[in-house]
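In case it helps, numbering that gives the first Met the number 0 puts the sequence shown at residues 0 to 162.
Here is the structure we will look at, set down as structure tokens.
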Amino acid sequence: MNDFDAIYQQYGKTVYCFLLSLSRDESLAEELTQETMFRAIMNINSFRGDSKPSVWLCQIGKNLYFEWLKKSKRTIPIDDSLATYDSGYDIAEAFADKDIANQILKYLHELEEPYKEVFMLHALGDIPLTRISQLFGKSDSWARVTYYRAKAIITSKLEEGEK
Numbered sequence: 000m001n002d003f004d005a006i007y008q009q010y011g012k013t014v015y016c017f018l019l020s021l022s023r024d025e026s027l028a029e030e031l032t033q034e035t036m037f038r039a040i041m042n043i044n045s046f047r048g049d050s051k052p053s054v055w056l057c058q059i060g061k062n063l064y065f066e067w068l069k070k071s072k073r074t075i076p077i078d079d080s081l082a083t084y085d086s087g088y089d090i091a092e093a094f095a096d097k098d099i100a101n102q103i104l105k106y107l108h109e110l111e112e113p114y115k116e117v118f119m120l121h122a123l124g125d126i127p128l129t130r131i132s133q134l135f136g137k138s139d140s141w142a143r144v145t146y147y148r149a150k151a152i153i154t155s156k157l158e159e160g161e162k
């Protein structure tokens, strides 16, 4: 493991994919991959060989990612934490059925603001949540949470209606 190019060629893609899965940001994953390789080369003597080199490199990458999170005061994307609350009911697919679409529109009309507007802009207007957050002067997280709460309210009402 003395040649930087050889290490990068052999493990770069693995580290990049790992960091991409953590960050969900291609440019950040690239930057952290390069920094990971640089730190690995600088600290090659600390590699004891207790694990595979790819595991050691991914550990360095993970530590760099968490350092980046602390420095930038960002959090892990909220989509992951909200996924546990998603019932799996696909509202977009439900719009294909006119009866269900009418029910969705009825429930949408009953929603309070800003849930109604955020849901309409994103689900019906196909406006990205980042753009919606800018329109409201709020954070991206606020837009995601507002949209998913609106979706959860409509979904639960649809599921209640099916019973």
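C-beta: ideal position from N, C-alpha, C; glycine also.
Please read all numbers here as calculations on a predicted model, not as lab measurements.
Residue i in three-state terms, based on DSSP
i: Ile-165; result: No answer is possible for residue 165: it lies beyond the span of the chain, which begins at 0 and ends at 162.
i: Leu-19; result: helix
i: Ala-5; result: helix
i: Ser-138; result: coil
i: Gly-48; result: coil
i: Asp-24; result: coil
i: Asp-178; result: Residue 178 is absent from the model: the chain starts at 0 and stops at 162.
i: Leu-110; result: coil
Segment limits, alpha helix (DSSP H) that includes residue i
i: Pro-52; result: 52 to 71
i: Arg-130; result: 128 to 135
i: Glu-116; result: 114 to 118
Sequence-distant residues of the same chain with beta carbon closer than 8 Å to residue i, five excluded per side
i: Thr-32; result: Gly-11, Val-14, Tyr-15, Leu-18 and Gly-60
i: Leu-220; result: The requested residue 220 is not part of the displayed model; the chain covers only 0 to 162.
i: Glu-29; result: Tyr-15
i: Leu-106; result: A small fix is needed here, since residue 106 is Tyr in this sequence, not Leu. Cβ neighbours of Tyr-106 beyond the five flanking positions: Ile-152, Ile-153, Lys-156 and Leu-157.
i: Lys-115; result: Leu-107, His-108 and Ala-149
i: Arg-38; result: Ile-59 and Leu-63
Sequence-distant residues of the same chain with beta carbon closer than 6 Å to residue i, five excluded per side
i: Ser-53; result: Tyr-10 and Thr-13
i: Ala-142; result: Leu-128, Ile-131 and Ser-132
i: Leu-21; result: Tyr-64
i: Glu-34; result: Leu-63
i: Leu-120; result: Ile-126 and Ile-131
Neighbourhood of residue i by C-beta, 7 Å cutoff - its chain only, sequence neighbours within 5 removed
i: Tyr-7; result: Met-36
i: Asp-85; result: In this predicted model, Asp-85 has a pLDDT of only 48, less than 50, meaning its place in the structure is not dependable; the value taken from the coordinates is given anyway. Cβ within range, chain order: n/a, list empty.
i: Ser-138; result: Ser-132
i: Leu-56; result: Tyr-10, Val-14, Thr-35 and Ala-39
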